[in-house]
Structures are given as structure tokens and as C-alpha cells.
Amino acid sequence: MNDLISREFLHTPYAANRLHGSATLAEKLVVDFRGLDCFTYLDYVEALRQSSDEAGFINNLVQIRYVNGDINFLNRRHFFTDWAHAGQPMAEDVTAQLSANAVTVAKRLNQKADGGRYLPGLPVAERDITYIPSALIDQHLLSHLRTGDYIGIYTHLSGLDVTHTGLFIQTAQGPVLRNASSKKDQGAVIDSPFMEYVHNVPGIVVLRARQDSQAGTQTLQHQARSPAQG
Numbered sequence: 078m079n080d081l082i083s084r085e086f087l088h089t090p091y092a093a094n095r096l097h098g099s100a101t102l103a104e105k106l107v108v109d110f111r112g113l114d115c116f117t118y119l120d121y122v123e124a125l126r127q128s129s130d131e132a133g134f135i136n137n138l139v140q141i142r143y144v145n146g147d148i149n150f151l152n153r154r155h156f157f158t159d160w161a162h163a164g165q166p167m168a169e170d171v172t173a174q175l176s177a178n179a180v181t182v183a184k185r186l187n188q189k190a191d192g193g194r195y196l197p198g199l200p201v202a203e204r205d206i207t208y209i210p211s212a213l214i215d216q217h218l219l220s221h222l223r224t225g226d227y228i229g230i231y232t233h234l235s236g237l238d239v240t241h242t243g244l245f246i247q248t249a250q251g252p253v254l255r256n257a258s259s260k261k262d263q264g265a266v267i268d269s270p271f272m273e274y275v276h277n278v279p280g281i282v283v284l285r286a287r288q289d290s291q292a293g294t295q296t297l298q299h300q301a302r303s304p305a306q307g
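If you want this note's numbering, it's the 1-based position in the sequence shown plus 77.
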């Protein structure tokens, strides 16, 4: 289903800093399909996957974006791996299951190498991040990825788990990373050839959606085309 839902957003313009809130600014729920960054794109796809009407979508989005559904900057899932490790899991981290060559690194999320913070006011979170090095991503691994898996592009930078996100989608032309690209010559939700993309990055983290709930696609397709709100 993630293929169908995520496809509705293809060519949507990239837009950074779409969410509203900080340690000193009251958090507000934002729902805006007119412009997406790589992480809000995943928020919307996963919320739509779980929903069959607008009210359900809003409720699911709140639960996905915020720990315990509390609309607060400190409870926002700021990091990709928060989906699997902060509060009630929104997805399962299957990285280690996919490859015996997965590498685990202890990280202090939100703490820069110089001791500063990426997000002022947000506490540092100690977490082991498991990733599959790009040199070890091969056809065998691809055969174990599923269409709709959430992909994080691992980074060696201190304090971060990933620097980009997208969805693994198997197409007739081969596997792609469906992602909201910020590159100047793209600047939209696009399909990037998967192997070509991951060849030039340190590695990948793979999260898989929980199958607790599914929804029909007719309402979702209509909603994904609707103007933004919030």
C-alpha cells in the first residue's frame, strides 16, 4: 500500500522547515501537502497507510509524529530511528535482520562533535544505531527488502542517525528510493535509482511499517491530492 500512497506525492515540491515549534515556541500540528521535506513525507505516507478517513488520518499523524500523541516539541520524533525506539514503536527496525554484515554504532543523538546541540532545548538521546554499509548492499539484500520499507541514509556525523529518508519501492524499471529531494536540480518528490543512490552514501537503516492496521486506497488517494490544511 505504501507504493500507492507514496506515488500520489510524486512531483510535490520540496520544502524545508515545514513544522512549527521549538524549545521556546509553542508546537502546533502542521498538515501541509503542498511542500514536503524527506521526513514529513514519511509522516504523511505512514499516517495515510493507517487511515480510511480524514479524522483518522489526523489522529494517526499525531500518534506518529509525537510520542504518546502529545503535541509538544520535546515529544516530537525528530530522528528517523525514533519511529522504532521512542515511545510506542511506529515501525520495526529490521536492519540487523536483513544483513549479517550490519554495523552497530553508539550515538548520542542531538549532540554535535563540539558538544553543542542540533536542536537547542532537546535532550541528548543515547542510542545504538545499526546500519548496512553501502559496499555490502547487493542483490541478495535487495531481495529481502520490501516495497514500502522506510530507508534512512546513515551518517557518520556525531549526533545524527541519518541525513535523508525515503521509501524502498520495487518498480518495473528496478528498485528506487522514493524521496523528497532537496537537490537544486530536483527539489521535489522523485524516484531515484536505488543502487545508484546508496552507492554514494555510508549505508542504510531500514524500518518496516507495523501491520496492525491497513486502510483502503480510494479515500487516501483523494486526500493526498487535496489542498493542505494547518
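Ideal Cβ positions, reconstructed from N, Cα and C, are used throughout, including at glycine.
Small disclaimer: the values here were computed from a predicted structure and weren't measured.
Item, Value
"Selection from Pro200, Ala179, Thr181 that minimises the alpha carbon distance to Lys189", "Pro200"
"Bridge-paired residues (DSSP) for Arg142", "Answer by DSSP bridge pairing: none, since Arg142 is not bridged."
"Element boundaries [beta strand (DSSP E), containing Gln263]", "Unbroken run through Gln263: none, as it is neither H nor E."
"Burial state of Arg261 (16 or more Cβ within 10 Å)", "Here residue 261 is Lys; the residue named in the question, Arg, does not match the sequence. Flag for Lys261 reads exposed."
"Span separating the alpha-carbon of Leu113 from that of Gly225", "18 angstroms"
"8 angstroms Cβ cutoff met for Val278 and Ser211", "yes"
"With 16 other Cβ atoms within 10 Å as the buried cut-off, status of Thr207", "buried"
"Bridge partner(s) assigned by DSSP for Arg208", "According to the sequence as given, residue 208 is Tyr; it is not Arg. In the DSSP output, where bridge partners are listed per residue, Tyr208 has Val180."
"For Asp80, the three-state DSSP class (helix, strand or coil)", "helix"
"Given 8 angstroms, three or more beta-carbon pairs between the region 230-249 and the region 152-159", "yes"
"Under the three-state DSSP convention, the category Asn149 falls into", "coil"
"Segment limits, alpha helix (DSSP H) that includes Tyr118", "115-126"
"Val171, buried or exposed, once every other Cβ within 10 Å from all chains shown has been counted against 16", "buried"
"Residue range of the alpha helix (DSSP H) that includes Asp170", "Here Asp170 belongs to no alpha helix (DSSP H); instead the beta strand (DSSP E) covers 168-170."
"Reference Gln174, options Asn79, Thr101, Ile209, Asp238, closest by Cα", "Ile209"
"Helix, strand or coil at Leu234 [DSSP, three-state]", "coil"
"Reduced DSSP category for Leu213 - H, G, I as helix; E, B as strand; rest coil", "helix"
"Rounded straight-line distance, which links the Cα of Lys184 to that of Ser235", "7 angstroms"
"Proximity below 8 angstroms, CB of Ser99 to CB of Gly198", "yes"
"Simplified DSSP state of Phe245, which is helix, strand or coil", "strand"
"Top-ranked residue by Cα proximity to Ala177, from Ile148, Leu151, Ile214", "Ile214"
"Nonlocal neighbours in the same chain, by C-beta distance under 6 angstroms from Gln306, ignoring five residues either side", "The pLDDT assigned to Gln306 is 34, lower than 50, so where the model puts this residue is not dependable; a value taken from the coordinates is nonetheless given after this. Cβ within range, chain order: Val108."
"Which of helix, strand or coil DSSP assigns to Asp226", "coil"
"According to DSSP, residues forming a beta bridge with Gln165", "For Gln165, which the question treats as bridged, DSSP gives no partner whatsoever."
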